[in-house]
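Chains as they are written, first to last, in our numbering: chain A, 1 to 215; chain B, 1001 to 1215.
For reference, the structure is listed below as structure tokens.
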């Protein structure tokens, strides 16, 4: 049976949400972070050598890495639903936002976060934090433009691209606050997603203490 | 016509290689890095708001982000060749290495590189560089194990997973040297890839001053 190993408040929240949107059977195993340092606990690390969330198991298979897990579940258990095929006009939009989420946006935010937590002399002496902030500013501007063209990242329908993009736009803002006042399209998007029954079910099951209201 | 905009010594070398392996028609436009700072030049940034390599154009479409561009070309111009479908036993292997390359490995290496270039007090005061080194050590160990099981990352055949994985294993080592003496499977893999006619054609066309010998 497909088992989603969810580490509290981590990228595996995407996978619970995906399974709820697809309406497929899955088992949810909740894992708590190590109280010291908030890392993955040893039993989570033992599931797959990557050691970080998300990790799923499916029979003999253990699989990590968000993009791989989303593609695997859509392809293997979702009959291709929530993806966009090469014959559709929005194929490239789907692919861009799907891959951009963890290929560029998440790394930029994690580096920004790493510097936010670093001693002041580190922040002052390095130009990396400022460069990442410029990059994420450009990202938010592009996201706002995109969500003015379409209700969801790939077009009219919620897809795997939204499953990938929501985490940097919701979870990460709890640690790197960002003023959304000038981004009405993004605010409307967050309300639209937060109102989805499958999203609310995922929150209740995976992270009941985190509000489903995303704005 | 499909146009690959290649920025010298950058992730767009993947896209040239992919087109050569698929044997599809494409136009190659070479762009030189800004002499100051070695960033993308203004005309490259004007192609797509992400501003960094790779970027392709195809009719009215401009597309960035390595994973998206590889999936797009395979799906739209390659008839699905060099990918692995959900009905195959190595579907998960394909997806894992494809997404791991830019979702985790490249960010870890780029952070390591950022710290290597930072003032000494930054390196000393931060734990991020050391954590990234631990992560990439684990990555190299897993890569060595994987390449002991199969000739290519997804199995017997070269696929998009290799197109994604080679860059961190070749290009990035020029800036973050790593001793491969204890990694015979990886060394054999690099020889295998470097000997491919399509890889050699891509090198000659895209980066003729960079040796095709990868070891």
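Positions of the beta carbon are idealized from the N, C-alpha and C atoms, including for glycine.
* **Residues in the segment 1020-1045 of chain B having any Cβ partner in chain A nearer than 8 Å** => none
* Using a cut-off of 9 Å between C-beta atoms, extract the partners of residue 1167 of chain B located in chain D. => The structure shown contains no chain D; its protein chains are A and B.
* Report the residues of the segment 107-124 of chain A with a CB closer than 8 Å to any CB of chain B, ordered along the chain. => 107, 110, 111, 114, 118, 119, 121, 122
* At what residues does the beta strand (DSSP E) containing residue 1070 of chain B begin and finish? -> No beta strand (DSSP E) holds residue 1070 of chain B; the alpha helix (DSSP H) holding it covers 1066-1076.
* **Proximal chain A residues relative to residue 1001 of chain B, where beta-carbon distance stays under 9 Å** => The premise fails here: residue 1001 of chain B is roughly 16 Å from chain A at the closest Cβ pair, so nothing lies under 9 Å.
* Asked: Can you tell me whether DSSP reads residue 1093 of chain B as helix, strand or coil?
  -> helix
* Asked: Taking buried to mean at least 16 other C-beta atoms within 10 Å of its own C-beta, is residue 1091 of chain B buried or exposed?
  -> buried
* **8 Å Cβ cutoff met for residue 8 of chain A and residue 207 of chain A** => yes
* Ordered along the chain, which non-local residues of its own chain (more than five positions away) have a Cβ less than 6 Å from that of residue 12 of chain A? -> 6, 53, 54
* Residues in its own chain within less than 8 Å of residue 22 of chain A by CB, not counting five upstream and five downstream? -> 73, 74, 77, 78, 81, 82
* So, are the CB atoms of residue 109 of chain A and residue 1068 of chain B less than 8 Å apart? -> no
* To do: Please decide whether residue 104 of chain A counts as near chain B, where near means a Cβ-Cβ distance under 8 Å.
  => yes
* Own chain, CB closer than 6 Å to residue 1183 of chain B, minus 5 neighbours either side, in chain order -> 1144
* In chain B, which residues lie less than 8 Å from residue 128 of chain A when you measure between Cβ atoms? -> 1114, 1118
* To do: Report the neighbours of residue 134 of chain A on chain B: residues whose CB is nearer than 8 Å to its CB, in chain order.
  => Going along chain B, no residue has its Cβ under 8 Å from residue 134 of chain A, so there is no contact; the nearest lies around 11 Å.
* Cutoff 6 Å; reference residue 20 of chain A; Cβ partners in own chain excluding five residues on either side -> 198, 201, 202
* Asked: Is it the case that the Cβ atoms of residue 1101 of chain B and residue 1177 of chain B are separated by a distance below 8 Å?
  -> no
* Run through DSSP, which three-state label would residue 1152 of chain B get? -> strand
* **chain B contact for residue 49 of chain A (CB, 8 Å cutoff)** => yes
* Apply the 10 Å Cβ neighbour rule to residue 146 of chain A and answer buried if 16 or more other Cβ atoms are within range, or exposed otherwise. => buried
* To do: Just grab the DSSP bridge partners of residue 56 of chain A for me.
  => A:4, A:63
* Any C-beta of chain B sitting closer than 8 Å to the C-beta of residue 176 of chain A? -> no
* Can you give me the Cβ contacts of residue 1213 of chain B inside the same chain, cut-off strictly under 7 Å, excluding the 5 residues immediately before and after it? => 1194
* Span of the alpha helix (DSSP H), counted from its first residue to its last, around residue 27 of chain A -> Segment 27-31 is the beta strand (DSSP E) holding residue 27 of chain A; no alpha helix (DSSP H) there.
* To do: Express the C-alpha separation of residue 1135 of chain B and residue 1 of chain A in angstroms, rounding to a whole number.
  => 30 Å
* To do: Count the CB pairs spanning the segment 1151-1161 of chain B and the segment 1109-1126 of chain B that are closer than 8 Å, and state whether there are at least three.
  => no
* **Under 9 Å from the C-beta of residue 88 of chain A: neighbouring residues of chain B** => Correct list: empty, because the minimum Cβ distance to chain B is about 10 Å.
* Roughly how many angstroms separate the alpha carbons of residue 3 of chain A and residue 1161 of chain B, rounded to a whole number? -> 25 Å
* Going by the CB atoms, is the gap between residue 164 of chain A and residue 10 of chain A shorter than 8 Å? -> no
* Along chain B, in chain order, which residues have C-beta atoms closer than 8 Å to that of residue 71 of chain A? -> 1095, 1099
* Asked: Got a sec: which bits of the segment 152-165 of chain A sit with their beta carbon under 7 Å from any beta carbon on chain B, in order along the chain?
  -> none
* **residue 1048 of chain B versus residue 1187 of chain B: straight-line alpha-carbon distance, rounded** => 36 Å
* Asked: Tell me which same chain residues have a C-beta within less than 8 Å of the C-beta of residue 1215 of chain B, skipping the five on either side of it?
  -> 1180, 1187, 1190, 1191, 1194
* Return no unless some Cβ of chain A is closer than 8 Å to the Cβ of residue 1067 of chain B. => yes
* **Terminal residues of the alpha helix (DSSP H) in which residue 165 of chain A lies** => 160-169
* Asked: Are the C-beta of residue 202 of chain A and some C-beta of chain B separated by less than 8 Å?
  -> no
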